[in-house]
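*Asks:* So that we are looking at the same thing, I have put the structure below in structure tokens.
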Amino acid sequence: MKKVLLVVLFLLALGLVAGCSREDETPAIIADEVIADETEDYTPEDTVEEEAEEAEEIAVTPEVERRTIIMGTSADFPPFEFIADGGQGRHGRYSGLDVAIAVRIAEALDADLVIHDAAFEGLIVDLQGGSIDFIAAAMTIRPDRMESVNFSIPYFAAVQYMVVMIDDYSIESAEDLNGLYVAVQGGTTGYFFVSDELDANVLPYIRASEAFAALLGGRVDAVVIDSAVAQRFVNANPDALRIVRDNEAFGDENYGIAVRFGEYDLLDTINEVIAAMHASGELAELYYYYTEGPGAPQD
Ligand code: ARG
0 MKKVLLVVLF LLALGLVAGC SREDETPAII ADEVIADETE DYTPEDTVEE
50 EAEEAEEIAV TPEVERRTII MGTSADFPPF EFIADGGQGR HGRYSGLDVA
100 IAVRIAEALD ADLVIHDAAF EGLIVDLQGG SIDFIAAAMT IRPDRMESVN
150 FSIPYFAAVQ YMVVMIDDYS IESAEDLNGL YVAVQGGTTG YFFVSDELDA
200 NVLPYIRASE AFAALLGGRV DAVVIDSAVA QRFVNANPDA LRIVRDNEAF
250 GDENYGIAVR FGEYDLLDTI NEVIAAMHAS GELAELYYYY TEGPGAPQD
């Protein structure tokens, strides 16, 4: 019975993402005040005020400890999660669309958000071990991962892109990677595709940035990585890199937030937060904010 419900939810959610990608093409420009307001919510002063309010309550009620919620991520994936320049991120050092969603989740739970930045490849094991409460890491919803974790409704649609040197015209399709050296981030869909579907020499790196460094340093011929991240690195190196698409070879992907099995309350909250952020247009606005708007990482 639960399974049926999950499948129905999932199908509903896919419809949601289909709608979302349409909006993504024409993202509304976010009003400055909206961002200012949101940022204000997380200034240290507010936290102190909130704590003071809570302290009053504690005086009359027995001890209430403020809950902490830990997001696991791999902060090497702009615009979804990255270390903000000068520690001016939306959440201390960290910034990006996933961080913004996590802030909303923490808000809904009335909890403090803590960010655990680790290798992408180890995040599911970290979640199972209990050192983090959820994964928000541009993680693609995949059947093999669904054997280890529960995913939220999808919140972003993606595909894999190839990134090559700007003057390399030998690569025009995924098949052209056969026999070449290809850098990927370990444990990602890009890694699975190159190692399972191609006859290429795959070099898995712990951090996505290391895969791009290998390409720029001439140690590999291409990087296979998620579309939005590829786009952002090419935009940052417009004279050196270019994107090669092969939408027939690479399948459509959807990102979800992962929780441990059995954490149905947390999953419900996360799904409500995503659905609300989608319905209000906030997700599309934030995507624009972190890709082309003032929240984009500075190079
Ligand atoms: N979407 C891809 C996957 O799930 C890559 C995600 C990498 N995320 C990151 N934060 N580095 O495998």
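Under numbering that gives the first Met the number 0, the letters of the sequence shown match residues 0 to 298, in that order.
All residues carry an ideal CB built from backbone N, CA and C; glycine is no exception.
Out of GLU120, PHE133, GLN127 and LEU96, state which residue places its alpha-carbon closest to the alpha-carbon of VAL113.
*Replies:* Taking the sequence shown and counting its residues from 1, one reaches residue 113 at position 114. VAL113 has its Cα closest to that of PHE133, out of GLU120, PHE133, GLN127 and LEU96.
*Asks:* With a CB to CB cut of under 6 Å and the five nearest residues on each side skipped, what residues in its chain are close to ASN150?
*Replies:* The count along the sequence shown starts at 1 and reaches residue 150 at position 151. Residue identity check: residue 150 is Phe in the sequence provided, not Asn. The residues are ILE140, GLY255 and ALA257.
*Asks:* According to DSSP, simplified to helix, strand and coil, what is TYR287?
*Replies:* For the purposes of this step, residue 287 is taken as the residue at position 288 of the sequence shown. Under the three-state reduction of DSSP output, TYR287 falls in the helix class.
*Asks:* CB-CB under 6 Å to PHE232, same chain, minus the five flanking residues each way: which ones, in chain order?
*Replies:* Translated into the one-based positions of the sequence shown, residue 232 becomes position 233. Closer than 6 Å at the Cβ level, and outside the excluded window around PHE232, lie PHE211.
*Asks:* Tell me the rounded alpha-carbon separation between GLU196 and GLU171.
*Replies:* In the sequence shown, residue 196 corresponds to position 197, counting from 1. In the sequence shown, residue 171 corresponds to position 172, counting from 1. Cα to Cα, the separation comes out at about 17 Å.
*Asks:* Please tell me whether, using a cut-off of 7 Å, the distance from the CB of GLU171 to the nearest non-hydrogen atom of ligand 1 is below it.
*Replies:* For the purposes of this step, residue 171 is taken as residue 172 along the sequence shown, with counting starting at 1. Checking every heavy atom of ligand 1 against the Cβ of GLU171, none is found closer than 7 Å.
*Asks:* Hey, quick one: how far does the alpha helix (DSSP H) through ILE273 stretch, first residue to last?
*Replies:* Locating residue 273 in the sequence shown gives position 274, counting from the first residue. Where ILE273 is concerned, the enclosing alpha helix (DSSP H) stretches over 263-278.
*Asks:* Considering only their Cβ atoms, is the gap separating GLY186 from ALA136 smaller than 8 Å?
*Replies:* Locating residue 136 in the sequence shown gives position 137, where the first residue counts as 1. Locating residue 186 in the sequence shown gives position 187, where the first residue counts as 1. No, these two residues do not count as a Cβ contact at 8 Å.
*Asks:* Measuring alpha carbon to alpha carbon, tell me which of GLY95, PHE81 and LEU108 ends up nearest THR67.
*Replies:* Position 68 of the sequence shown, counted from the first residue, corresponds to residue 67. Considering only GLY95, PHE81 and LEU108, the residue with the shortest C-alpha distance to THR67 is LEU108.
*Asks:* Tell me the residue span of the alpha helix (DSSP H) that contains THR188.
*Replies:* Counting from 1 along the sequence shown, the entry for residue 188 is found at position 189. Start and end: 188-196.
*Asks:* Tell me whether ALA300 counts as near ligand 1, meaning its Cβ is closer than 7 Å to at least one heavy atom of that ligand.
*Replies:* An answer regarding residue 300 cannot be provided, because it is not within the stretch 0 to 298 covered by the chain.
*Asks:* Roughly how many angstroms lie between the CA atoms of ARG241 and LEU266, to the nearest whole one?
*Replies:* Here residue 241 refers to the residue found at position 242 when the sequence shown is read from its first residue. Here residue 266 refers to the residue found at position 267 when the sequence shown is read from its first residue. Approximately 38 Å, taken between the alpha carbons.
*Asks:* For the stretch 283-293 against the stretch 73-83, are there 3 or more C-beta pairs whose distance is under 8 Å?
*Replies:* yes
*Asks:* Put LEU179 into one of helix, strand or coil per three-state DSSP.
*Replies:* As a working mapping, residue 179 is identified with position 180 in the sequence shown. Three-state DSSP puts LEU179 in coil, outside helix and strand.
*Asks:* Taking all protein chains shown into account, do 16 or more other C-beta atoms lie within 10 angstroms of the C-beta of ILE165, making it buried, or fewer, making it exposed?
*Replies:* Position 166 of the sequence shown, counting from 1, holds the residue named residue 165. The residue is exposed, with fewer than 16 neighbouring Cβ atoms inside 10 Å.
*Asks:* Does the separation of the CB atoms of ALA157 and ASP245 fall below 8 Å?
*Replies:* For the purposes of this step, residue 157 is taken as residue 158 along the sequence shown, with counting starting at 1. For the purposes of this step, residue 245 is taken as residue 246 along the sequence shown, with counting starting at 1. Not closer than 8 Å, so no.
*Asks:* Pull up the DSSP beta-bridge partners for ASN234, would you.
*Replies:* Here the question's residue 234 lines up with position 235 in the sequence shown. DSSP lists no partner for ASN234.
*Asks:* Does ASP31 pass the burial test, meaning 16 or more other C-beta atoms within 10 Å, or should it be called exposed?
*Replies:* By one-based count along the sequence shown, residue 31 stands at place 32. Note that ASP31 scores 30 on pLDDT, short of 50, meaning its location in the model is unreliable; the coordinates nonetheless yield the value given after this. That one is exposed.
*Asks:* I'd like the span of the beta strand (DSSP E) that includes GLU252, first residue to last.
*Replies:* Residue numbering aside, residue 252 sits at position 253 when the sequence shown is read from its first letter. Counting along the chain, GLU252 sits inside the beta strand (DSSP E) bounded by residues 252-254.
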